[in-house]
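Input: a single structure, listed below in C-alpha coordinates.
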Amino acid sequence: MKMSELEPLIEFKDVSFRYGDDHPWVLKHLSFTIYKDEWVAIIGHNGSGKSTIAKLINGLLFPQEGEIYIDGTRLTEETIWDLRRNIGMVFQNPDNQFVGTTVQDDVAFGMENRGFPREEMIRRIDETLAAVNMKDYLLTEPHRLSGGQKQRVAIASVLAISPQVLILDEATAMLDPRGRKEIMQTIQTVQASESLSLISITHDLAEVADADRLIVMNQGEVWQMGKPREIFVQRDALQAIGLDVPFTTVLAEELKSQGVILNEDPLNHEELLDALWTLHSQM
12 MKMSELEPLI EFKDVSFRYG DDHPWVLKHL SFTIYKDEWV AIIGHNGSGK STIAKLINGL
72 LFPQEGEIYI DGTRLTEETI WDLRRNIGMV FQNPDNQFVG TTVQDDVAFG MENRGFPREE
132 MIRRIDETLA AVNMKDYLLT EPHRLSGGQK QRVAIASVLA ISPQVLILDE ATAMLDPRGR
192 KEIMQTIQTV QASESLSLIS ITHDLAEVAD ADRLIVMNQG EVWQMGKPRE IFVQRDALQA
252 IGLDVPFTTV LAEELKSQGV ILNEDPLNHE ELLDALWTLH SQM
(Lines of atoms letter the chains of each structure in order from A and count residues from 1; the text may use other names and numbers.)
(Lines give C-alpha, C1' and ligand atoms only; values in the text may rest on other atoms or scores of the structure.)
Protein backbone atom coordinates (compact mmCIF):
# COMPACT_ATOMS: atom_id res chain seq x y z
CA MET A 1 0.00 0.00 0.00
CA LYS A 2 1.28 3.48 -0.87
CA MET A 3 2.04 5.94 1.94
CA SER A 4 -0.58 8.30 0.52
CA GLU A 5 -3.23 5.63 1.17
CA LEU A 6 -2.23 5.09 4.82
CA GLU A 7 -3.81 6.92 7.75
CA PRO A 8 -1.42 9.26 9.63
CA LEU A 9 -1.10 8.63 13.37
CA ILE A 10 1.89 10.72 14.50
CA GLU A 11 2.98 13.87 12.71
CA PHE A 12 6.01 16.03 13.50
CA LYS A 13 5.81 19.40 11.76
CA ASP A 14 9.00 21.50 11.80
CA VAL A 15 9.77 20.45 15.39
CA SER A 16 12.83 21.81 17.21
CA PHE A 17 13.85 21.12 20.80
CA ARG A 18 16.63 21.95 23.25
CA TYR A 19 17.12 21.36 26.97
CA GLY A 20 17.25 25.01 28.01
CA ASP A 21 17.83 28.37 26.31
CA ASP A 22 21.61 28.20 26.74
CA HIS A 23 21.90 24.66 25.34
CA PRO A 24 22.36 23.59 21.68
CA TRP A 25 19.39 22.33 19.69
CA VAL A 26 18.90 18.58 20.12
CA LEU A 27 16.32 18.45 17.31
CA LYS A 28 16.31 20.84 14.37
CA HIS A 29 13.23 21.45 12.19
CA LEU A 30 12.10 17.83 12.29
CA SER A 31 9.23 16.74 10.04
CA PHE A 32 7.96 13.19 9.48
CA THR A 33 4.80 11.08 9.65
CA ILE A 34 4.21 7.68 11.22
CA TYR A 35 1.13 5.80 10.02
CA LYS A 36 -1.36 3.53 11.75
CA ASP A 37 -0.32 -0.13 12.10
CA GLU A 38 3.19 0.71 10.87
CA TRP A 39 6.48 -0.39 12.44
CA VAL A 40 8.96 2.46 12.25
CA ALA A 41 12.45 2.22 13.71
CA ILE A 42 14.16 5.47 14.64
CA ILE A 43 17.89 4.82 14.60
CA GLY A 44 20.97 6.90 15.18
CA HIS A 45 24.15 7.21 17.22
CA ASN A 46 24.04 8.28 20.87
CA GLY A 47 23.11 11.96 21.05
CA SER A 48 21.42 12.03 17.64
CA GLY A 49 18.06 12.96 19.21
CA LYS A 50 16.16 9.69 18.88
CA SER A 51 15.24 9.28 22.57
CA THR A 52 14.15 12.92 22.73
CA ILE A 53 11.68 12.11 19.93
CA ALA A 54 10.19 9.31 22.07
CA LYS A 55 9.75 11.67 25.03
CA LEU A 56 8.10 14.28 22.79
CA ILE A 57 5.62 11.73 21.42
CA ASN A 58 4.69 10.70 24.95
CA GLY A 59 4.35 14.28 26.16
CA LEU A 60 7.20 14.00 28.65
CA LEU A 61 8.68 16.97 26.78
CA PHE A 62 7.17 19.69 24.58
CA PRO A 63 8.89 21.31 21.57
CA GLN A 64 10.04 24.93 21.64
CA GLU A 65 9.21 25.19 17.95
CA GLY A 66 6.85 23.33 15.64
CA GLU A 67 3.83 21.11 16.26
CA ILE A 68 3.15 17.44 17.03
CA TYR A 69 -0.15 15.76 16.17
CA ILE A 70 -1.38 12.41 17.52
CA ASP A 71 -4.28 10.95 15.53
CA GLY A 72 -5.18 14.43 14.27
CA THR A 73 -5.07 16.18 17.67
CA ARG A 74 -2.32 18.65 18.43
CA LEU A 75 -0.20 17.64 21.41
CA THR A 76 -0.40 20.35 24.10
CA GLU A 77 -0.40 20.54 27.90
CA GLU A 78 -4.21 20.52 27.70
CA THR A 79 -4.54 17.48 25.43
CA ILE A 80 -1.63 15.37 26.69
CA TRP A 81 -3.56 13.46 29.36
CA ASP A 82 -6.13 12.18 26.88
CA LEU A 83 -3.56 11.43 24.18
CA ARG A 84 -1.17 9.66 26.53
CA ARG A 85 -3.84 7.03 27.25
CA ASN A 86 -3.21 5.69 23.75
CA ILE A 87 0.59 5.61 24.00
CA GLY A 88 2.60 2.89 25.74
CA MET A 89 6.32 3.14 26.37
CA VAL A 90 8.89 0.51 27.34
CA PHE A 91 12.25 1.81 28.54
CA GLN A 92 15.78 0.40 28.60
CA ASN A 93 15.69 -0.69 32.25
CA PRO A 94 12.48 -2.59 33.12
CA ASP A 95 13.19 -2.28 36.86
CA ASN A 96 12.27 1.40 36.58
CA GLN A 97 8.75 0.46 35.44
CA PHE A 98 7.78 -2.14 38.04
CA VAL A 99 5.26 -1.01 40.65
CA GLY A 100 3.54 -4.27 41.65
CA THR A 101 4.67 -6.93 44.13
CA THR A 102 3.90 -9.69 41.63
CA VAL A 103 3.80 -9.96 37.85
CA GLN A 104 -0.01 -10.04 38.02
CA ASP A 105 -0.14 -6.85 40.11
CA ASP A 106 2.23 -5.06 37.79
CA VAL A 107 0.20 -5.80 34.66
CA ALA A 108 -2.97 -4.76 36.50
CA PHE A 109 -1.60 -1.41 37.67
CA GLY A 110 -2.19 0.61 34.50
CA MET A 111 -5.67 -0.80 34.06
CA GLU A 112 -6.60 0.01 37.66
CA ASN A 113 -5.59 3.63 37.11
CA ARG A 114 -7.84 3.77 34.07
CA GLY A 115 -10.83 2.24 35.87
CA PHE A 116 -11.09 -1.02 33.92
CA PRO A 117 -13.79 -3.40 35.21
CA ARG A 118 -12.37 -6.31 37.21
CA GLU A 119 -13.55 -8.96 34.72
CA GLU A 120 -11.87 -7.06 31.87
CA MET A 121 -8.65 -6.74 33.87
CA ILE A 122 -8.51 -10.47 34.57
CA ARG A 123 -9.03 -11.25 30.88
CA ARG A 124 -6.38 -8.80 29.73
CA ILE A 125 -3.82 -9.96 32.29
CA ASP A 126 -4.28 -13.50 31.01
CA GLU A 127 -4.12 -12.51 27.32
CA THR A 128 -1.14 -10.16 27.50
CA LEU A 129 1.00 -12.47 29.63
CA ALA A 130 0.20 -15.31 27.24
CA ALA A 131 1.21 -13.09 24.32
CA VAL A 132 4.69 -12.55 25.80
CA ASN A 133 5.06 -16.15 27.06
CA MET A 134 4.95 -15.17 30.75
CA LYS A 135 1.63 -16.72 31.82
CA ASP A 136 3.37 -19.21 34.13
CA TYR A 137 4.88 -16.36 36.17
CA LEU A 138 1.60 -14.78 37.26
CA LEU A 139 2.41 -14.72 41.01
CA THR A 140 6.20 -14.36 40.70
CA GLU A 141 7.90 -11.37 42.29
CA PRO A 142 9.46 -9.20 39.54
CA HIS A 143 12.91 -9.10 41.16
CA ARG A 144 13.16 -12.88 40.73
CA LEU A 145 12.89 -12.63 36.93
CA SER A 146 15.74 -12.51 34.42
CA GLY A 147 16.35 -9.36 32.37
CA GLY A 148 14.52 -10.73 29.36
CA GLN A 149 11.58 -11.90 31.47
CA LYS A 150 11.32 -8.48 33.14
CA GLN A 151 11.21 -6.81 29.74
CA ARG A 152 8.46 -9.19 28.63
CA VAL A 153 6.38 -8.25 31.69
CA ALA A 154 7.00 -4.55 31.01
CA ILE A 155 5.69 -5.06 27.49
CA ALA A 156 2.65 -6.98 28.77
CA SER A 157 1.89 -4.16 31.25
CA VAL A 158 1.82 -1.68 28.38
CA LEU A 159 -0.17 -3.91 26.03
CA ALA A 160 -2.82 -4.45 28.69
CA ILE A 161 -4.05 -0.86 28.30
CA SER A 162 -4.52 -1.40 24.52
CA PRO A 163 -2.43 1.54 23.27
CA GLN A 164 -2.52 2.73 19.67
CA VAL A 165 1.23 3.22 19.80
CA LEU A 166 3.93 1.13 21.48
CA ILE A 167 7.30 2.86 21.85
CA LEU A 168 10.40 0.79 22.64
CA ASP A 169 13.10 3.19 23.82
CA GLU A 170 16.32 1.13 23.66
CA ALA A 171 14.22 -1.63 25.25
CA THR A 172 16.69 -4.40 24.36
CA ALA A 173 19.92 -2.55 25.16
CA MET A 174 20.52 -4.39 28.46
CA LEU A 175 19.88 -7.85 27.01
CA ASP A 176 22.25 -10.36 25.44
CA PRO A 177 21.89 -11.12 21.68
CA ARG A 178 19.57 -14.07 22.31
CA GLY A 179 17.38 -12.01 24.65
CA ARG A 180 17.19 -9.18 22.10
CA LYS A 181 16.12 -11.58 19.37
CA GLU A 182 13.44 -13.17 21.58
CA ILE A 183 12.00 -9.80 22.62
CA MET A 184 11.86 -8.51 19.05
CA GLN A 185 10.19 -11.74 17.88
CA THR A 186 7.62 -11.33 20.66
CA ILE A 187 6.98 -7.72 19.67
CA GLN A 188 6.57 -8.63 16.00
CA THR A 189 4.07 -11.37 16.88
CA VAL A 190 2.04 -9.03 19.08
CA GLN A 191 2.13 -6.20 16.54
CA ALA A 192 0.92 -8.52 13.78
CA SER A 193 -2.07 -9.63 15.86
CA GLU A 194 -3.02 -6.25 17.34
CA SER A 195 -4.05 -2.96 15.76
CA LEU A 196 -0.85 -1.32 16.90
CA SER A 197 1.75 1.10 15.61
CA LEU A 198 5.26 0.23 16.77
CA ILE A 199 8.11 2.71 17.18
CA SER A 200 11.46 1.26 18.15
CA ILE A 201 14.28 3.57 19.18
CA THR A 202 17.69 1.96 18.84
CA HIS A 203 21.25 2.21 17.55
CA ASP A 204 21.31 -1.52 16.71
CA LEU A 205 20.41 -1.90 13.05
CA ALA A 206 20.36 -5.70 13.24
CA GLU A 207 17.18 -5.76 15.31
CA VAL A 208 15.15 -3.54 12.95
CA ALA A 209 15.71 -5.39 9.69
CA ASP A 210 12.02 -6.37 9.59
CA ALA A 211 10.68 -2.86 10.26
CA ASP A 212 8.40 -1.29 7.64
CA ARG A 213 10.50 1.87 7.56
CA LEU A 214 13.60 3.42 9.12
CA ILE A 215 14.09 7.03 10.14
CA VAL A 216 17.83 7.63 10.44
CA MET A 217 18.81 10.50 12.73
CA ASN A 218 22.10 12.37 12.69
CA GLN A 219 22.92 15.42 14.81
CA GLY A 220 19.28 16.25 15.48
CA GLU A 221 18.10 16.00 11.88
CA VAL A 222 16.57 13.33 9.67
CA TRP A 223 19.50 11.99 7.70
CA GLN A 224 17.41 9.60 5.61
CA MET A 225 14.10 7.70 5.60
CA GLY A 226 13.42 4.48 3.75
CA LYS A 227 12.95 0.73 3.88
CA PRO A 228 15.66 -1.24 5.72
CA ARG A 229 17.03 -2.71 2.48
CA GLU A 230 17.41 0.77 0.99
CA ILE A 231 19.24 2.03 4.07
CA PHE A 232 21.47 -0.96 4.83
CA VAL A 233 23.16 -0.96 1.41
CA GLN A 234 24.66 2.45 2.24
CA ARG A 235 27.32 0.83 4.38
CA ASP A 236 30.03 3.48 4.17
CA ALA A 237 27.63 6.39 4.69
CA LEU A 238 26.09 4.72 7.75
CA GLN A 239 29.48 4.06 9.27
CA ALA A 240 30.43 7.70 8.63
CA ILE A 241 27.61 8.82 10.96
CA GLY A 242 28.49 6.30 13.67
CA LEU A 243 26.25 3.34 12.81
CA ASP A 244 27.40 -0.23 12.18
CA VAL A 245 25.48 -2.13 9.54
CA PRO A 246 24.28 -5.69 10.33
CA PHE A 247 26.82 -8.49 9.97
CA THR A 248 24.70 -10.06 7.23
CA THR A 249 25.10 -6.92 5.10
CA VAL A 250 28.86 -6.86 5.69
CA LEU A 251 29.17 -10.54 4.73
CA ALA A 252 27.08 -10.05 1.58
CA GLU A 253 29.31 -7.14 0.54
CA GLU A 254 32.41 -9.27 1.11
CA LEU A 255 30.93 -12.06 -1.00
CA LYS A 256 30.30 -9.56 -3.80
CA SER A 257 33.91 -8.43 -3.66
CA GLN A 258 34.91 -12.07 -4.17
CA GLY A 259 32.67 -12.40 -7.22
CA VAL A 260 29.71 -14.07 -5.52
CA ILE A 261 26.76 -12.05 -6.79
CA LEU A 262 23.47 -12.54 -4.95
CA ASN A 263 20.08 -11.81 -6.52
CA GLU A 264 19.11 -9.44 -3.69
CA ASP A 265 20.87 -7.82 -0.75
CA PRO A 266 19.93 -9.98 2.27
CA LEU A 267 18.51 -8.35 5.41
CA ASN A 268 19.08 -11.26 7.81
CA HIS A 269 20.67 -14.68 8.15
CA GLU A 270 17.63 -16.46 6.71
CA GLU A 271 17.64 -14.34 3.55
CA LEU A 272 21.40 -14.81 3.18
CA LEU A 273 21.08 -18.60 3.41
CA ASP A 274 18.18 -18.59 0.92
CA ALA A 275 20.20 -16.46 -1.50
CA LEU A 276 23.24 -18.73 -1.24
CA TRP A 277 21.08 -21.83 -1.66
CA THR A 278 19.42 -20.33 -4.76
CA LEU A 279 22.83 -19.45 -6.17
CA HIS A 280 24.12 -22.98 -5.46
CA SER A 281 21.11 -24.62 -7.12
CA GLN A 282 21.71 -22.54 -10.27
CA MET A 283 25.28 -23.79 -10.67
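Here the working numbering is used: the first residue of the sequence shown is 12, the next is one more, and so on.
Where is the CB? At the ideal position from N, CA and C, for every residue including glycine.
Asked, Found
"Three-state secondary structure (DSSP) of M228", "strand"
"Cβ contact (3+ pairs, closer than 8 angstroms) linking the stretch 177-194 and the stretch 33-43", "no"
"3 or more residues per run - each beta strand (DSSP E) lying fully within the stretch 168-239", "176-180, 208-213, 224-229, 232-237"
"8 angstroms Cβ cutoff met for E181 and I226", "no"
"Under 8 angstroms between C-beta atoms of S42 and K61", "no"
"G121: first and last residue of the uninterrupted alpha helix (DSSP H) it sits in", "114-124"
"4 or more residues per run - each alpha helix (DSSP H) lying fully within the stretch 49-74", "61-68"
"Identity of the residue in E281, L249, Q103, T260 nearest G159 by Cα", "Q103"
"Extent of the continuous alpha helix (DSSP H) run through T139", "129-142"
"Among I53, D137, L71, nearest to E88 - alpha-carbon criterion", "L71"
"Rounded separation between L149 and S204 - CA only", "22 angstroms"
"Distance CB(N97)-CB(V169) smaller than 8 angstroms", "no"
"Straight-line gap, L273 to F73 (C-alpha atoms, nearest Å)", "47 angstroms"
"Short Cβ contact (8 angstroms threshold) for I49 with D223", "Here residue 49 is Glu; the residue named in the question, Ile, does not match the sequence. For E49 and D223, yes; Cβs fall inside 8 angstroms."
"Beta-carbon proximity of I194 to R155, cut-off 8 angstroms", "no"
"As assigned by DSSP and simplified to three states, the class of F102", "coil"
"Residues bridged to P35 (per DSSP)", "Answer by DSSP bridge pairing: none, since P35 is not bridged."
"Three-way DSSP call (helix, strand, coil) for G159 in this model", "helix"
"Run of the beta strand (DSSP E) containing I79, from where it starts to where it stops", "76-81"
"Classification of D117 by the beta-carbon crowding that lies within 10 angstroms, buried from 16 upward", "buried"
"Contact test: A222 Cβ vs the ligand HEM heavy atom, cutoff 7 angstroms", "Among the components modelled here there is no ligand, and therefore nothing to report on the ligand HEM."
"Per-residue DSSP class, three states only, for T44", "strand"
"I91, DSSP secondary structure in three states", "helix"
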